[in-house]
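Residues 0 to 300 (numbering that gives the first Met the number 0) are what the sequence shown spells out, left to right.
Just so it is clear, CB atoms sit at the ideal spot from N, CA and C, and this is done for glycine as well.
Since the model is a prediction, treat every value here as computed from it, not as a measurement.
Here is the structure we will look at.
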Amino acid sequence: MNTMTREPLVSVVINCYNGEEYLSQALESVLSQTYSNWEVIFWDNQSTDKSAKIFKSYNDPRFVYCYAPKHTWLYEARNYAVERTKGEFIAFLDVDDLWLPEKLESQISLFGDVNIGLVAGDYYEHYEQLGTRQLFTIVVPSHNKIIESLLQGNFIGMFTIIVRASALKQLDQPFDASYHIIGDFDMLIRIFENWKLGWVHQPVGVYRIHGNNESLKRKKMQIDEEASWIVKMKNNAAVSGIKAFKLFSDMVLYKDAMYFLNQKKLTFALQKAYTISSYQLRIRCIIKCLYLSLTKKQLSN
Numbered sequence: 000m001n002t003m004t005r006e007p008l009v010s011v012v013i014n015c016y017n018g019e020e021y022l023s024q025a026l027e028s029v030l031s032q033t034y035s036n037w038e039v040i041f042w043d044n045q046s047t048d049k050s051a052k053i054f055k056s057y058n059d060p061r062f063v064y065c066y067a068p069k070h071t072w073l074y075e076a077r078n079y080a081v082e083r084t085k086g087e088f089i090a091f092l093d094v095d096d097l098w099l100p101e102k103l104e105s106q107i108s109l110f111g112d113v114n115i116g117l118v119a120g121d122y123y124e125h126y127e128q129l130g131t132r133q134l135f136t137i138v139v140p141s142h143n144k145i146i147e148s149l150l151q152g153n154f155i156g157m158f159t160i161i162v163r164a165s166a167l168k169q170l171d172q173p174f175d176a177s178y179h180i181i182g183d184f185d186m187l188i189r190i191f192e193n194w195k196l197g198w199v200h201q202p203v204g205v206y207r208i209h210g211n212n213e214s215l216k217r218k219k220m221q222i223d224e225e226a227s228w229i230v231k232m233k234n235n236a237a238v239s240g241i242k243a244f245k246l247f248s249d250m251v252l253y254k255d256a257m258y259f260l261n262q263k264k265l266t267f268a269l270q271k272a273y274t275i276s277s278y279q280l281r282i283r284c285i286i287k288c289l290y291l292s293l294t295k296k297q298l299s300n
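Written as structure tokens, this is what we have:
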């Protein structure tokens with residue numbers, strides 16, 4: 000039953016570190032929302048460019064500027080920003096992404112279902128170098144399959160979500176500050192242990208792919224963080240008991256082996272390969288290692 004008959008405050012968290020290139024477009028996309036009851040919590044992670052000047056040039060009382068007392072990794076910074084929020088709901092927007100005008104309005108009404116803790120939606124992937132866009136849309140999994148689906152591949156764009164503040168703040172910590180890449184994924188898994196997902200089947204924003212995205216630049220860090228996450232989750236039966244958790248664990252080992260293989264570190268790659276429990280993945284990895292070994296021998300002869 001939908002009981003949402005008012006316009007609750009939505010806190011929009013924007014974390015920024017030297018984001019001057021796209022910042023104005025991100026801010027304009029918030030100002031263009033058809034839903035007006037929002038605030039922007041702008042967390043300046045000690046930027047050294049013109050980000051602060053750009054943000055402060057907007058004369059809107061809904062814009063709140065916060066300067067970090069120290070520079071931190073993203074998810075520690077996000078936690079600090081969340082502490083400053085006043086809204087019943089919290090949304091996130093990175094400085095290099097933007098929202099479409101009906102984003103907030105189309106999503107907030109779904110929270111009339113009191114069991115929904117988080118709402119997301121379709122979005123466009125914009126490839127900067129090619130100047131092209133591609134629609135990202137999915138068939139939303141049923142409630143009891145959400146975590147399993149996330150383990151098979153994170154299908155939720157963080158900049159598309161609105162989360163119920165009470166759901167986020169009842170976690171041990173909104174974001175695990177030890178992560179720099181996978182903090183969003185970890186938060187989503189923990190949210191869906193107790194809450195349902197709502198989905199808007201229309202594009203709500205644009206995700207820029209420009210080569211400087213953190214998750215693209217730091218592949219090895221992501222692999223290491225995923226390995227650490229697996230260890231943490233082994234004691235959580237609600238997650239580790241899912242069949243997809245084992246496959247996720249094997250995929251992390253496989254990606255780590257491929258990383259070492261690309262670095263021409265054959266011994267490390269083989270060591271990782273032999274720890275993969277999935278027979279198919281293990282054999283695939285070993286074959287690639289043997290191929291590299293044979294290629295190196297041929298080149299040396």
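Annotated three-state conformation of D93 is coil, per DSSP. By the criterion of a C-beta distance shorter than 8 Å, M157 is surrounded in its chain by F91, D93, D183, once the five residues flanking it on both sides are discounted. K219 has no beta-bridge partner at all, per DSSP. Three or more beta-carbon pairs separated by less than 8 Å are not found between the segment 168–187 and the segment 255–273, which leaves the two stretches without contact. For Q279, the secondary structure class from DSSP, reduced to helix, strand or coil, is helix.
According to the DSSP assignment, Q201 belongs to the beta strand (DSSP E) that extends over 195–208. The alpha-carbon of A237 is positioned some 37 Å away from that of C65. Excluding residues up to 5 positions away in sequence, G116, L117, V162, A166, L167, L170 lie with their Cβ nearer than 8 Å to the Cβ of I190 in the same chain. When the beta-carbon positions are compared, W37 and V11 come within less than 7 Å of each other. In this model, T33 and I107 are separated by some 12 Å (Cα to Cα). Only residues of its own chain outside the window of five on either side were considered, and among them N114, I115, H142 have a CB closer than 6 Å to the CB of K195, listed in chain order. Taking all protein chains shown into account, R207 has 16 or more neighbouring C-beta atoms within 10 Å of its C-beta and is therefore buried. For F244, the closest alpha carbon among the candidates Y126, K219, Q151 is that of Q151. Secondary structure note for G120: its beta strand (DSSP E) is the uninterrupted segment 115–126. Under the three-state reduction of DSSP output, V230 falls in the helix class. Residue environment analysis places N44 among the buried positions, since at least 16 neighbouring C-beta atoms fall within 10 angstroms of its C-beta. K85 and L73 have their alpha carbons spaced roughly 21 Å apart.
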